[in-house]
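Count along the sequence shown starting at 1, add 118, and that's the number in the numbering used here. Ideal Cβ positions, reconstructed from N, Cα and C, are used throughout, including at glycine. Below: one structure, written as structure tokens.
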Amino acid sequence: MRLLVTGGAGFIGSHFCERMLQRGCDVAAVDDFNDYYDPRIKRRNVESLLQNKRFRLFEADILDPVPMEDLFKSRAFDAVVHLAARAGVRPSIEQPMLYQKVNVEGTTHLLDLSVRHGVPRFVLASSSSVYGSTRSVPFKESANVDFPVSPYAATKRACEILAYTTHFLHGLPVTCLRFFTVYGPRQRPDMAIHKFARLIAEGKPVPMFGDGTTARDYTYIDDILDGIEKSVERASGYRIYNLGESRTTELRRLIGLLEEALGKKADIRQLGEQPGDVPITFADISLAERELDYRPRVAVEDGIPRFVEWFLRNPSNA
Ligand code: NAD
119 MRLLVTGGAG FIGSHFCERM LQRGCDVAAV DDFNDYYDPR IKRRNVESLL QNKRFRLFEA
179 DILDPVPMED LFKSRAFDAV VHLAARAGVR PSIEQPMLYQ KVNVEGTTHL LDLSVRHGVP
239 RFVLASSSSV YGSTRSVPFK ESANVDFPVS PYAATKRACE ILAYTTHFLH GLPVTCLRFF
299 TVYGPRQRPD MAIHKFARLI AEGKPVPMFG DGTTARDYTY IDDILDGIEK SVERASGYRI
359 YNLGESRTTE LRRLIGLLEE ALGKKADIRQ LGEQPGDVPI TFADISLAER ELDYRPRVAV
419 EDGIPRFVEW FLRNPSNA
């Protein structure tokens, strides 16, 4: 199978490229190595993959028509896995136009290229953030998601809708995956688990927004990779699936797990709630279980020590 993975040098993308190379696929990755976080981290993410003859890296912006057209002309892809995006919630409040451009226009571009070049399957990274600040849990794919509370979340919902329109008009099979806070080795340095680990390890104050009772469904990277892989295998029609662990962990408990794994106490500084943050995320995964045979395996009690082990071995990625 020949795959195109956009955002292939990022956290989830680099793991997915690695997984599919292990499966014997040909993998092309496109990434612009932007400075949302240190691009040297992204280069290290794909360093070992570059040795593999079945891996090709294209350094390009997904919005740039000429290199993207050339990329799609260069080979017939069996599937596009579209992970490239601006991915932070809080920065999207500062830069809504950038998020709209990269996420919405970027996705529109990839959908259009896929239709024109006859790509038979398209998998899109969406997000649990589309559920907004509802407390009605667990979140089901059939819920009303018209009330996102950050520009990031709004762009992800817009991408799902554009994907539907493309499917409707042109028959492109599209699977949208709503990832619930993904963590594990190579997690983005701006994400809470990684940031907290760094601050605790350095003995610096840990800012905790809210009273510590906000809760997240934390999903280990290997489980997300299983869900993406199965979506690539089974893509047909237009589908939306939640990919989470279907368990919630409060922020205070998460910090406690990090403290245990690092063997160090956190110096917590409680701050007010942040705009754009949601009180809880909690995935109902019954649809993905039924249709994708998705079976998440790594509970946060096992996943956090695994993340910390990687974190301590890779200080330069922090
Ligand atoms: P990441 O930032 O590590 O990966 C995204 C990659 O896309 C980066 O390497 C970046 O350089 C690349 N990219 C961004 N804009 C680009 C452009 N214009 N052209 C080419 N490449 C570009 O983020 P991640 O955590 O691996 O997230 C991957 C996807 O999953 C994103 O779409 C994100 O919104 C989604 N997602 C992630 C999480 C999570 O918890 N990590 C949760 C929900 C959804």
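| query | result |
| --- | --- |
| Per-residue burial, Thr440 [other beta carbons within 10 Å of its own, 16 or more giving buried] | Summary: the structure shown does not reach residue 440, with the chain confined to residues 119 through 436, and so no result is reported for it. |
| Lys313 Cβ short of 7 Å to the ligand NAD heavy atom set | no |
| Any non-hydrogen atom of the ligand NAD within 7 Å of Asn152 CB | yes |
| Distance, Glu165 Cα to Leu139 Cα | 14 Å |
| Sheet register partners of Phe286 (DSSP bridge) | Its beta-bridge partners do not exist; DSSP assigns none. |
| Limits of the unbroken beta strand (DSSP E) element including Gln388 | Asp385 to Leu389 |
| Asp179 (DSSP reduced to helix, strand or coil) | coil |
| Which listed residue (Met326, Pro291, Asn360 and Glu407) has its alpha carbon closest to that of Thr299 | Asn360 |
| Residue ranges of each alpha helix (DSSP H) within the segment 350–411, 4 or longer | 369–380 and 404–410 |
| Inter-stretch contact at 8 Å, needing at least 3 Cβ pairs: the segment 313–333 / the segment 378–392 | yes |
| Buried versus exposed, by CB contacts within 10 Å (16 or more), Ala379 | buried |
| CA-to-CA distance, Ser232 to Tyr154, given in whole angstroms | 26 Å |
| Tyr468 - partner residues in DSSP beta bridges | The structure shown does not extend to residue 468, since the chain is modelled only from 119 to 436, so the question has no answer here. |
| Arg424, enclosing alpha helix (DSSP H) - first and last residue | Val418 to Arg431 |
| For Pro209, the first and last residue of its enclosing alpha helix (DSSP H) | Val207 to Glu212 |
| Top-ranked residue by Cα proximity to Tyr301, from His285, Asp230, Asp264 and Asp341 | Asp341 |
| Cross-strand partners of Leu295 (DSSP beta bridge) | Ala243 and Tyr359 |
| Any non-hydrogen atom of the ligand NAD closer than 7 Å to Gly345 Cβ | no |
| heavy atom of the ligand NAD below 7 Å from Val199 C-beta | no |
| Within 8 Å, strictly: CB atoms of Pro291 and Ala353 | yes |
| Phe297: CB within 7 Å of a non-hydrogen atom of the ligand NAD | yes |
| Exposure of Gln169, with buried meaning 16 or more beta-carbon neighbours within 10 Å | exposed |
| beta-carbon Asp149 near the ligand NAD non-hydrogen atom, thresh 7 Å | yes |
| In DSSP terms, what Asp440 is bridged to | The structure shown does not extend to residue 440, since the chain is modelled only from 119 to 436, so the question has no answer here. |
| Residues near Thr399 in its chain [Cβ-Cβ closer than 6 Å; skip 5 each side] | Ser246, Phe298, Arg334 and Asp335 |
| Tyr270 to Gly126 span [Cα, whole Å] | 20 Å |
| Residue-chain proximity (Glu165, chain C), Cβ-Cβ < 8 Å | No chain C appears in this structure, which consists of one protein chain only. |
| Proximity below 8 Å, CB of Ala417 to CB of Arg365 | yes |
| Collapsed DSSP secondary structure at Val255 in the structure displayed | coil |
| Selected residue, minimal CA-CA separation from Leu369, among Met309, Val350, Gly321 and Leu343 | Met309 |
| Cβ distance (whole Å) where Leu189 is taken to contact Val148 below 8 Å | 6 Å |
| Chain-order list of residues whose beta-carbon lies under 6 Å from that of Leu122 (same chain, five-residue window excluded) | Ala146, Phe195 and Val198 |
| Any non-hydrogen atom of the ligand NAD closer than 7 Å to Ala146 Cβ | no |
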